[in-house]
Amino acid sequence: MTQSDSPSSASPQEAIAAALRRERARAGLSLTEVARKAGIAKSTLSQLESGSGNPSIETLWALCVALDIPFSRLLDPPRPMVQVIRAGEGAMLASSQSEYRTTLLAASPPTARRDIYRITAEPGHSRDSDPHSHGVVEHIVLGGGRAKVGPADAPVELHPGDYICYPGDSPHVFEALEPGTWALLVSEYS
């Protein structure tokens, strides 16, 4: 790994660029093939791979589905044995659809198939998610505020401390109903 490809010394865009190049090469797919499978322009993927793009969560999820990888693989730097991420720190990505942000807290190690995220969201627009890879299950514990969460056709209103589990491989939604809404999300891959 070169210095510029090292996630620990790279900006989030550079880390994502290096991961996209690595995962596309691993999959043996061309720029055109990945862009087509993800439903994005080839020029957009080229910009992201060069580190000059600023991708939304939706674009990155589409690329992960196209590459058949967990979302965290695009953001995950090497982890020390003990890790602390203070509130407000960590690589944060924003939605292009709503006032919704996600921060990867713990990526799935090679022996496990899960990622852990902190979500912050504000009322206004819901975060409507397209299906993720087959078999993904999402677990959410609401930490503060109120939100409608779950399958797009049957979201459930959650209050602080409430837990919900639902298929992430079908359309789903997260809609903040109060300012300062936040939650922990565990994405489980089968």
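This note's numbering applies: residue 954 is where the sequence shown begins, and numbers increase by one.
From the three backbone atoms N, C-alpha and C, an ideal C-beta is built for every residue, glycine too.
Skipping 5 residues on each side, what residues in its chain have a beta carbon closer than 6 Å to that of T985? K995
With distances taken Cα to Cα, identify the nearest neighbour of W1014 among A1044, E1042 and S1048. S1048
For L1095, collect the residues of the same chain with a Cβ closer than 6 Å to its Cβ; drop the 5 residues on either side in sequence, then sort them by chain order. L1111, P1113, D1115 and A1136
Quick one: grab the DSSP three-state call for S999. helix
List the residues that DSSP assigns as beta-bridge partners of E1141. R1067 and V1090
So, for Y1053: in the same chain, excluding its five sequence neighbours on each side, which residues have a beta-carbon less than 6 Å away from its beta-carbon? A1074 and R1080
C-beta atoms of S1051 and Y1142 nearer than 8 Å: no
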